[in-house]
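S.K.:
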Amino acid sequence: MRLPIALPRWKTVASETLFLARRSKAFSPPIDSYPPMLFRRLSFYFALAGIAGAVLLARHMQARPPVPPPVAEPARSPYDHTVAATGLIEAARENVRIASPKGALVTAVQVRVGDRVQAGAPLFQLDDREARARIATTEAQLGAMTAQRAAEEVALADAQDQLDRFLKLRNDNVASEDDLKRRWFAVEGAKARIEATKAQIAATASQLEQARTDAAVLTVKAPREGQVLQVNVREGEFAPAAALAEPLMLLGDVDKFQVRCDVDEQNSVLVQPGQPAVASLKGHADLRLPLRFVRVEPYVVPKRSLTGDSLERVDTRVLQLIYEFDRPTFPVYVGQQVDVFIERVASVPPAPTDATPVARSR
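Numbering (this note's numbering), first residue to last: -10 to 351.
1) Just checking, does the stretch 139 to 151 make contact with the stretch 95 to 109 on the three C-beta pairs under 8 Å criterion?
2) How about LEU308 and GLU254: are their beta carbons less than 8 Å apart?
3) Would you mind sorting ILE124 into buried or exposed? The rule is 16 or more other CB atoms within 10 Å of its CB.
4) On the premise that LYS91 lies in contact with LEU207, defined as a C-beta separation below 8 Å, what is that separation, rounded to the nearest angstrom?
5) I think VAL85 touches PRO212, with their Cβ atoms under 8 Å apart; what is that distance to the nearest whole Å?
6) I'd like to know whether the C-beta atoms of LEU270 and VAL327 end up nearer to each other than 8 Å.
7) Buried or exposed, going by whether 16 or more other CB atoms sit within 10 Å of the CB of PHE35?
8) Count the CB pairs spanning the stretch 239 to 248 and the stretch 68 to 82 that are closer than 8 Å, and state whether there are at least three.
9) If I'm right that ARG277 touches ALA266 with Cβ under 8 Å, what's the distance once you round it to whole angstroms?
10) Would you call the CB atoms of LEU197 and GLU128 closer than 8 Å?
11) Taking the C-alpha atoms as reference points, what is the distance between ALA74 and PHE330?
12) Compute the beta-carbon to beta-carbon distance between THR71 and GLU332, rounded to the nearest angstrom, for a pair I have assumed lies under 8 Å.
13) So is ALA64 buried or exposed if we call it buried at 16+ other beta carbons inside 10 Å?
14) Would you grab the beta carbon distance between ILE190 and THR135 for me? Rounded to a whole angstrom, and I think it's under 8 Å.
15) What's the gap between the Cα of THR202 and the Cα of ASP168?
16) Check the C-beta distance from THR96 over to GLN114 and give it rounded, since I have them as a contact under 8 Å.
17) Between the Cα of VAL217 and those of VAL102, GLU235, TYR68, spot the shortest distance and give me the residue it belongs to.
18) Quick one: measure Cβ to Cβ for GLN137 and THR193, integer angstroms, because I've assumed they're closer than 8 Å.
19) Since GLU141 contacts ALA179 with CB under 8 Å, what's their CB separation in whole angstroms?
20) Ends of the beta strand (DSSP E) at GLU79?
21) Grab me the residues of ASP116's own chain with a C-beta within less than 8 Å of its C-beta, minus the 5 sequence neighbours each way, in chain order.
22) What did DSSP end up calling ARG(-9) once you bin it into helix, strand or coil?
23) Comparing alpha-carbon positions, which option in PHE155, HIS273, ALA38 lies nearest VAL321?
24) With VAL285 and PRO262 assumed to form a contact (beta carbons below 8 Å), what rounded beta-carbon distance in angstroms separates them?
As structure tokens, then:
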């Protein structure tokens, strides 16, 4: 009887793997044995699935997101026929943009935002050290010239006394004609020097007045009564003597307000002077301001007051109308934007046309 031989473990695993591979190959049909109609159907279904997926993806990409509801109820016009405009609240007498008369360093600011000032009240102080030094120098020159004039008047009195004595001696035939003329010329010379000193004193006094005026100008004062709305300058900053986009200070009268309405030039023919209007605060449609017509500024200007809307046109020109209103019970502020609705006439008369057309020359 033949005994089995024990093989190593790796040879046993390899033999089993080879046996299983041969067995699976023997029982698996070849690829060519599958019917070709099955591959065609699968390819057709895969194509339909791809087309459907592409259509769904395109619809999903083209779908617009839902419009969110408005945060606040939009303002609505109380009139049947209206012209909508954007308004900006201003002080009734229009704001005063305070500027610096000279380029200098700011040494003191005497007011704060919200202070009420009277006409002539100091607002801020510019560096006046150079002006005060010029005043002191001119005053010293004026004092020296005044003393010189006093000395020249004494010299004139002495020359006049000598001339008078020589005239008496001439009557006694003691003084000569030559000595007499010298004394006379001395008197005239003293008088001329006094007149020249007087002219220099007058010129120096004018220079002193100019120096004092220059020093007074460095104290910027309020041109009229009002309330300080903005303070854009601080101590130690340099105030240029130029027109600035942001003024150093803004002064206005906030006892009464006015609204500057910007009407698109395309709608300017729909606006009639004297028409009533209503303004609503942004975001608070229930807070309305009845407006009274003041005037129309008959000059169309580029639009400057922007609302921030993404669909807003910025290359338009507007006709500005001024309306006023009294201070309401709720707070309003200068520079606040409002929605304005102006009542308009139902129809606009057509423009006149020439009844006799001109024949075109051939």
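Even for Gly, the Cβ is constructed at its ideal location relative to N, Cα and C.
M.R.: Straight from the coordinates:
1) no
2) yes
3) buried
4) 7 Å
5) 6 Å
6) yes
7) exposed
8) yes
9) 11 Å between Cβ atoms; not a contact.
10) yes
11) 6 Å
12) 6 Å
13) buried
14) 6 Å
15) 51 Å
16) 5 Å
17) VAL102
18) Not confirmed; about 11 Å, so no contact.
19) 6 Å
20) 71 to 80
21) ALA93, LEU94, VAL95, THR96, LEU207
22) Model confidence at ARG(-9) stands at a pLDDT of 49, short of 50, so the residue's coordinates are unreliable and nothing is read from them.
23) HIS273
24) 5 Å
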